[in-house]
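*Asks:* Here the working numbering is used: the first residue of the sequence shown is 871, the next is one more, and so on.
Even for Gly, the Cβ is constructed at its ideal location relative to N, Cα and C.
I have a structure I would like to understand better, so I am pasting it below and will then ask my questions one at a time.
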Amino acid sequence: MVSEKLSKEELLAKANEPKMFAMKYHPFYRGKIGVELKAPVRSFEDFAIWYTPGVAEPCLDIQKNKNKVYEHTNKGNFVAVVTDGTRVLGLGDIGPEAALPVMEGKGMLFKYLGGVDAFPICLNTKDPEEIITAVKWLAPVFGGINLEDIAKPKCFYILERLQKELDIPVWHDDQQGTALVNLAGLISALRDSASGKDRIKARTYQMEYM
């Protein structure tokens, strides 16, 4: 069955539906992500295992060998979604508080699509050095850092510094994510086009030997 063609007014109304529902559901749920328990709590005695005094033993084990933090905690599945709110989607420089719904949304995608526990970190500074310092202070908690919606050119500098100075993966979604999507599109377009592949090879050869 062929659906009826929508009028311009109907298309515009349909395009505005997500905005309407966003304003309805965000305050209803008061955000999109939260924290859930992984360990079972069957009685008050369990708190002596997961908290004091039992928790001292894994703490001491990690003190002897910092890599044990990945064994005793959820660090390996924690990701920080870090922004200063200076380049948020199509909204521009809207500040850290206004950026929080977007960062929660990114955390929702991490959890829903990959099972990763991502936490929004909206920093109240635009200074690149302060952003770098803040991320380095927070790094012991996280297994990875996702930089998000930070204005250029400082985003390039921040990414490069953090990748060099931290021992966990650091990714800037707007740089590397966009590049990855473009590369995937190019590969897909060339997959069934022998002539296209030949043109790309010729152009690459020409650029290498110019």
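#1: Measuring only the C-alpha atoms, how far is residue 956 from residue 976?
#2: Who are the near neighbours of residue 1011 in its chain, counting only those whose CB is closer than 8 Å to its CB and skipping five residues on each side?
#3: Is the stretch 916–931 touching the stretch 985–999 in the sense that three or more CB pairs, one from each, lie closer than 8 Å?
#4: Which of the three DSSP states, helix, strand or coil, is assigned to residue 987?
#5: With distances taken from CA atoms, which of 904, 1039, 905 is nearest residue 1016?
#6: Can you list, in chain order, the residues of its chain with a C-beta nearer than 7 Å to that of residue 1053? Leave out the 5 residues immediately preceding and following it.
#7: Are the CB atoms of residue 953 and residue 1018 within a distance shorter than 7 Å?
#8: Please report the straight-line C-alpha distance between residue 939 and residue 1013, rounded to a whole angstrom.
#9: If I'm right that residue 1042 touches residue 1029 with Cβ under 8 Å, what's the distance once you round it to whole angstroms?
#10: Would you give the residue range spanned by the alpha helix (DSSP H) that residue 935 belongs to?
#11: What's the C-alpha gap between residue 994 and residue 1059?
#12: Using alpha carbons as the reference points, say which of 992, 898, 885 lies closest to residue 964.
#13: Is the beta carbon of residue 973 sitting closer than 7 Å to the one on residue 902?
#14: Under 7 Å, do residue 1104 and residue 988 count as touching if we go by C-beta distance?
*Replies:* Checking against the coordinates, here is how it stands:
#1: Inter-residue distance for residue 956 and residue 976 is about 16 Å (C-alpha atoms, whole angstroms).
#2: Excluding residues within five positions, the ones whose Cβ falls inside 8 Å are 945, 948, 950.
#3: Contact between the stretch 985–999 and the stretch 916–931 is absent, because fewer than three Cβ pairs lie under 8 Å.
#4: In the structure shown, residue 987 sits in a strand (DSSP, three-state: E or B).
#5: The shortest C-alpha separation from residue 1016 is found at 1039.
#6: Excluding positions up to five away in sequence, the list is empty.
#7: Cβ distance < 7 Å, so residue 1018 and residue 953 count as in contact.
#8: Each residue's Cα considered, the two are about 10 Å apart.
#9: The Cβ separation is near 5 Å, so the contact holds.
#10: Element bounds for residue 935: n/a, residue is neither H nor E.
#11: Looking at the two C-alpha atoms, the distance is approximately 42 Å.
#12: For the options 992, 898, 885, the alpha carbon positioned closest to that of residue 964 is the one of 992.
#13: The Cβ atoms of residue 973 and residue 902 do not sit closer than 7 Å to each other.
#14: Lying before the first or after the last residue shown, residue 1104 is absent from the chain, which here runs from 871 to 1080.
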